[in-house]
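Residue 82 in this note's numbering sits at position 82 of the sequence shown, with consecutive numbering throughout.
Each residue gets a CB set at the ideal place from its N, CA and C atoms; glycine is no exception.
Reading through the structure tokens given below for one structure.
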Amino acid sequence: ANADAAETAPLAAAQAARLGPARVVVTSAPAFMRGNIANLLVEGGQAFIAEHRLVDGPSNGAGDLFSALFLARVLAGASSEKALASTTSSVFEIMARSARAGAVEIVLAGEWMSLLQPAAMVTTRRVATPASGPQKA
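This is the structure we're talking about:
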């Protein structure tokens, strides 16, 4: 486990909540597990993290891809928490495949299944914010 993330994630969630919008998503947030990276969702006084293994490969466009997929899923009726998990899974899956292919950019051609129904497992968890105190799972 990453002790720094246990302290940093709740602080990041509190800062994101102060930004003003009802829903805030932060990409490349601290993860709880070493060697991982996370996306943080803050909405309605709650915060959630979806984390995955850190991929050493192309990252240009990952934030844009994440934003587009997350918005599309929310507009299609998914809860923010489900959109966070499936979007994180899609982007991780596509980045990992692009890295394995030795690509210098994220490869989207032929990745429609990763976009629609990602298979990559990501870990999601609720994060306690300093304002909300400890959360029960």
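Test item: CB-CB of residue i and residue j under 8 Å
i	j	result
E81	F48	yes
A120	S79	no
A22	L40	no
A50	F70	no
G77	R53	no
Candidates the options: closest to residue i by CA position
i	options	result
A68	P58, T87, E105	T87
L65	A50, V91, V104	V91
I106	V55, G77, A17, P10	V55
G45	A109, L19, G57, I37	L19
N60	V42, V127, A99, A50	A99
G110	V104, V122, I94	I94
A72	L108, L116, V122	L116
A14	R34, A38, E43	E43
S114	A101, G102, A96	A96
G63	A16, G77, A38, W112	A38
Per DSSP, cross-strand counterpart(s) of residue i
i	result
E43	R23, Q46
A38	A29, E51
V127	A47
Rounded Cβ spacing between residue i and residue j (contact assumed at less than 8 Å)
i	j	result
T124	A85	5 Å
P10	V122	No, P10 and V122 are not in contact; Cβ-Cβ is about 20 Å, not under 8 Å.
P58	V25	About 21 Å separates the two Cβ atoms, so there is no contact after all.
Contact with chain B by residue i, beta-carbon distance below 8 Å
i	result
L116	The structure shown contains no chain B, having only a single protein chain.
Coarse secondary structure for residue i, derived from DSSP in three states
i	result
I94	helix
V122	coil
S132	Model confidence at S132 stands at a pLDDT of 47, short of 50, so the residue's coordinates are unreliable and nothing is read from them.
Q193	The structure shown does not extend to residue 193, since the chain is modelled only from 1 through 137, so no value can be given for it.
G63	helix
L115	helix
P58	coil
V107	coil
S79	coil
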